[in-house]
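The block underneath contains the structure these notes are about, expressed in structure tokens.
Number of protein chains: 2
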Amino acid sequence: MKQFLGVDIGGTNVKFGVVDADGNIVKKKKYPTIEVSEGGDFCGNFSKLLAKRLKKFPDIASVGIGIPGTISADGKSTLDLPNVPALANQALVKVLEKDFPTLPIVMDNDANAAALGELEFGLEALPKTYIFITLGTGVGGGCVINGKIFKGGDGNGFEVGHVMSSTGKTIEQNIGKAGIIAMAKKYIAEGQIPTTLSGEFDAKAVANAAHEGDKLALQVYHDMGKYVGELIVTLVRVLDIKTILIGGGVSETFDYLKLNMYSVINEFLPEYYTKDLNIQLATLGNNAGILGAASLGISGIELK
Amino acid sequence: MKQFLGVDIGGTNVKFGVVDADGNIVKKKKYPTIEVSEGGDFCGNFSKLLAKRLKKFPDIASVGIGIPGTISADGKSTLDLPNVPALANQALVKVLEKDFPTLPIVMDNDANAAALGELEFGLEALPKTYIFITLGTGVGGGCVINGKIFKGGDGNGFEVGHVMSSTGKTIEQNIGKAGIIAMAKKYIAEGQIPTTLSGEFDAKAVANAAHEGDKLALQVYHDMGKYVGELIVTLVRVLDIKTILIGGGVSETFDYLKLNMYSVINEFLPEYYTKDLNIQLATLGNNAGILGAASLGISGIELK
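Chains as they are written, first to last, in numbering that gives the first Met the number 0: chain S, 0 to 303; chain B, 0 to 303.
Right, here's the structure in full:
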């Protein structure tokens with residue numbers, strides 16, 4: 000039975016996952032990114048690790064690689080990669096295609112990979128055209144049109160965390176982890192809303208407080224809902240897509256955002272959009288990195 | 000020599016233009032929209048008018064039609080068309096393809112048509128991937144990727160006038176004609192900036208005052224620059240496109256926007272985008288409707 004390799008390259012670890020056609024991760028193996036970067040030869044080291052995986056799992060039919068940064072328009076090279084400096088501006092796919100000439104190898108931004116993974120392996124049936132937004136430490140996402148990742152003009156479209164919002168800042172500045180903490184601190188300083196939060200705390204503490212009914216924490220999520228609503232309005236208007244997946248660790252707090260999010264959406268989107276609008280949570284969770292990367296490789300089989 | 004028919008359907012007139020390969024409008028003819036709508040049979044009446052044009056100009060190789068509204072995902076039918084009610088929800092292209100089976104006929108939104116017209120007939124050489132934004136009574140535009148109109152998921156993407164801005168309203172609410180007048184009146188009411196504007200006036204009067212150095216009118220355009228800058232930041236981030244054409248009657252006032260527009264752009268876009276960013280004025284002016292529509296038809300020849 001065919002298997003697919005998904006490689007999730009992050010700032011801390013490079014994770015290799017062997018995935019079967021049903022989206023089961025048969026085998027996971029991770030290497031510290033700093034080891035793979037050794038001697039400044041990320042591509043060479045990566046190629047050796049890949050050779051090992053392929054030897055051990057001869058049924059691997061494709062390789063997909065998710066990277067935390069921008070790629071060249073042809074998809075063969077990395078560009079800016081602040082968290083993995085040794086891999087910045089490297090022709091990784093070209094090197095690998097030379098070493099493994101018969102193997103389909105596809106690389107993309109990790110958020111695009113996670114987006115495509117929802118179509119290939121997600122638990123819910125999806126139309127072939129949808130928007131995927133991750134709300135986490137940062138705000139990112141991917142867009143799939145007719146089953147293919149929409150890459151924009153020069154290959155790095157859908158940087159949705161940097162869309163402008165009603166605060167005159169970007170959506171990520173508003174509701175990334177730092178933004179959530181700043182919102183909470185602003186309300187604490189104003190002293191108008193009762194809360195158990197005080198001193199220094201992280202975004203997780205705001206979420207926990209909200210779970211316990213903390214009024215100030217809930218107000219923060221209420222505001223977040225407004226900004227997410229604005230982002231959805233903008234994206235739906237630019238892309239004319241009505242299915243929206245929300246991922247990235249927000250699943251437990253998403254209910255707190257909803258009311259205000261829909262209020263903005265219903266104010267600004269006419270019925271042409273709202274009658275078919277479907278906003279739901281993404282389903283791959285912690286496996287999104289590997290499964291998303293594997294789905295890239297599978298799309299490469301179809302292209303070859 | 001081949002000719003191309005461009006039809007610009009508006010709320011007041013339906014304009015037929017016979018265009019040569021160099022973008023010269025050989026012959027223009029217009030009919031009141033209300034006449035073409037007679038008996039509620041817009042499609043039938045249109046087909047008869049088209050037959051006349053084709054008889055008189057037998058070298059017409061394609062027909063392009065620009066409409067002021069939304070179209071179906073397959074491009075064959077109109078959807079919502081507030082300014083031309085008799086043409087709303089009509090399978091215009093299907094009717095015409097039945098009447099003229101060998102002729103390539105392509106219909107699209109008029110802003111998309113105008114966008115594509117700049118590539119086919121514009122006075123400046125353009126890359127095949129660019130964003131076109133019209134600033135006029137409303138705010139609209141089109142997006143061309145690799146020489147093709149980008150239509151989004153369901154065919155009606157790039158409704159950029161309805162992108163959210165830092166005021167918590169849409170860009171069109173801010174800087175459409177009504178928005179310009181509202182901004183000027185707000186500053187007049189505040190009474191802090193000297194101006195010759197008073198009482199009732201239209202957007203043209205604000206432009207004229209700005210030409211004469213009126214400080215309040217110039218402040219209005221300065222603010223407009225900020226909102227246009229925000230729109231460009233958002234679109235560039237979502238679409239990864241670095242060539243931007245500005246059209247729609249703003250050409251004479253564009254200089255007043257520039258400073259603030261670039262200030263927002265340089266604050267929010269990193270070098271990856273700004274190093275290649277090219278923002279220029281569109282060139283087709285008053286002929287954009289007919290030439291844009293004609294360019295749709297030409298794209299249809301390539302498809303057949």
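We put the beta carbon where it would ideally sit given N, CA and C, even for glycine.
Buried or exposed by the 16-neighbour rule on C-beta atoms within 10 Å, applied to residue i
{"i": "S294 of chain S", "result": "buried"}
{"i": "H210 of chain S", "result": "exposed"}
{"i": "E123 of chain B", "result": "exposed"}
{"i": "K14 of chain S", "result": "buried"}
{"i": "E270 of chain S", "result": "exposed"}
{"i": "S197 of chain B", "result": "exposed"}
{"i": "N173 of chain S", "result": "buried"}
{"i": "Q89 of chain S", "result": "buried"}
{"i": "V25 of chain S", "result": "exposed"}
{"i": "P84 of chain S", "result": "exposed"}
{"i": "K150 of chain S", "result": "buried"}
{"i": "A304 of chain B", "result": "Nothing can be reported for residue 304 of chain B: it is not among the residues displayed for chain B, which extend from 0 to 303."}
{"i": "N285 of chain S", "result": "exposed"}
{"i": "P100 of chain B", "result": "exposed"}
{"i": "G141 of chain S", "result": "buried"}
{"i": "D58 of chain S", "result": "exposed"}
{"i": "D239 of chain S", "result": "buried"}
{"i": "A304 of chain S", "result": "The displayed coordinates of chain S run from 0 to 303. Any statement about residue 304 of chain S would go beyond what the structure contains."}
{"i": "P193 of chain S", "result": "exposed"}
{"i": "A23 of chain B", "result": "Residue identity check: residue 23 of chain B is Asn in the sequence provided, not Ala. Exposed is the call here."}
{"i": "D222 of chain B", "result": "buried"}
Endpoints, the beta strand (DSSP E) within which residue i is located
{"i": "S262 of chain B", "result": "Element bounds for S262 of chain B: not the beta strand (DSSP E) but the alpha helix (DSSP H), F253 to F267."}
{"i": "L5 of chain S", "result": "In the sequence as presented, Leu is not what sits at residue 5 of chain S; that position holds Gly. From DSSP, the beta strand (DSSP E) with G5 of chain S extends over Q2 to I8."}
{"i": "T273 of chain B", "result": "T273 of chain B -> not in any beta strand (DSSP E); alpha helix (DSSP H) instead, spanning E270 to T273."}
{"i": "T282 of chain S", "result": "Taken as a continuous stretch (DSSP letters only), T282 of chain S belongs to no beta strand (DSSP E), as it is neither H nor E."}
{"i": "L134 of chain S", "result": "Y129 to L134"}
{"i": "V162 of chain B", "result": "Careful: V162 of chain B lies outside any beta strand (DSSP E) and carries neither H nor E."}
{"i": "G140 of chain S", "result": "V138 to I144"}
Unbroken alpha helix (DSSP H) run spanning residue i, endpoints
{"i": "I66 of chain S", "result": "First-last for I66 of chain S: I59 to I66, but that is the beta strand (DSSP E), not the alpha helix (DSSP H)."}
{"i": "G151 of chain S", "result": "G151 of chain S -> no alpha helix (DSSP H), and no H or E assigned at all."}
{"i": "I33 of chain S", "result": "T32 to V35"}
{"i": "V18 of chain S", "result": "Where V18 of chain S is concerned, there is no enclosing alpha helix (DSSP H), although the beta strand (DSSP E) it sits in stretches over N12 to D19."}
{"i": "N173 of chain S", "result": "I170 to I174"}
Cβ-Cβ separation, residue j to residue i (assumed contact under 8 Å), whole Å
{"i": "A114 of chain B", "j": "V143 of chain B", "result": "6 Å"}
{"i": "C42 of chain S", "j": "L4 of chain S", "result": "Their Cβ separation, rounded to whole angstroms, is 16 Å, which puts C42 of chain S and L4 of chain S out of contact at 8 Å."}
{"i": "F56 of chain B", "j": "V17 of chain B", "result": "5 Å"}
{"i": "G146 of chain B", "j": "P67 of chain B", "result": "Not quite, the Cβ-Cβ distance comes to about 24 Å (not below 8 Å), so this is no contact."}
{"i": "A202 of chain B", "j": "I231 of chain B", "result": "A202 of chain B to I231 of chain B, Cβ: 21 Å. No contact."}
{"i": "A292 of chain B", "j": "D7 of chain B", "result": "5 Å"}
{"i": "E251 of chain B", "j": "A206 of chain B", "result": "7 Å"}
{"i": "Y255 of chain S", "j": "L217 of chain S", "result": "6 Å"}
{"i": "K241 of chain S", "j": "Y272 of chain S", "result": "6 Å"}
{"i": "P31 of chain S", "j": "N44 of chain S", "result": "About 11 Å separates the two Cβ atoms, so there is no contact after all."}
{"i": "V35 of chain B", "j": "L48 of chain B", "result": "7 Å"}
{"i": "T195 of chain B", "j": "A208 of chain B", "result": "6 Å"}
{"i": "M163 of chain S", "j": "S164 of chain B", "result": "7 Å"}
{"i": "L215 of chain S", "j": "V237 of chain B", "result": "Incorrect: roughly 33 Å between the Cβ atoms, too far for contact."}
{"i": "L276 of chain B", "j": "E117 of chain B", "result": "L276 of chain B to E117 of chain B, Cβ: 17 Å. No contact."}
{"i": "G175 of chain B", "j": "G137 of chain B", "result": "5 Å"}
{"i": "A183 of chain S", "j": "V227 of chain S", "result": "17 Å between Cβ atoms; not a contact."}
Interface residues of chain C facing residue i [CB-CB closer than 8 Å]
{"i": "V159 of chain B", "result": "Note that chain C does not occur in the displayed structure, where the protein chains are S and B."}
Any non-hydrogen atom of the ligand MG within 7 Å of residue i CB
{"i": "E96 of chain B", "result": "Ligands displayed in this structure: none; no statement on the ligand MG is therefore possible."}
3-residue-minimum beta strand (DSSP E) runs that sit fully inside the stretch 47-109 of chain S, ordered along the chain: Look at the stretch 47-109 of chain S and you find these whole runs of beta strand (DSSP E), each 3 residues long or longer: 59-66 and 104-108.
Sufficient close CB pairs (3 or more, under 8 Å) joining the stretch 250-262 of chain B to the stretch 135-154 of chain S: Note that the stretch 250-262 of chain B does not touch the stretch 135-154 of chain S; fewer than 3 beta-carbon pairs, one per stretch, sit closer than 8 Å.
Secondary structure, beta strand (DSSP E): runs of 3+ residues fully inside the stretch 186-262 of chain S: List check, beta strand (DSSP E) in window: 242-246.
Three CB pairs or more closer than 8 Å across the stretch 118-135 of chain S and the stretch 275-291 of chain S: Taking 8 Å as the limit for Cβ pairs, the verdict is that the stretch 275-291 of chain S does touch the stretch 118-135 of chain S.
contact_flag[the stretch 73-87 of chain S, the stretch 159-167 of chain S] where n(CB pairs < 8 Å) is 3 or more: Because the criterion of three Cβ pairs below 8 Å is not met, the stretch 73-87 of chain S and the stretch 159-167 of chain S do not touch.
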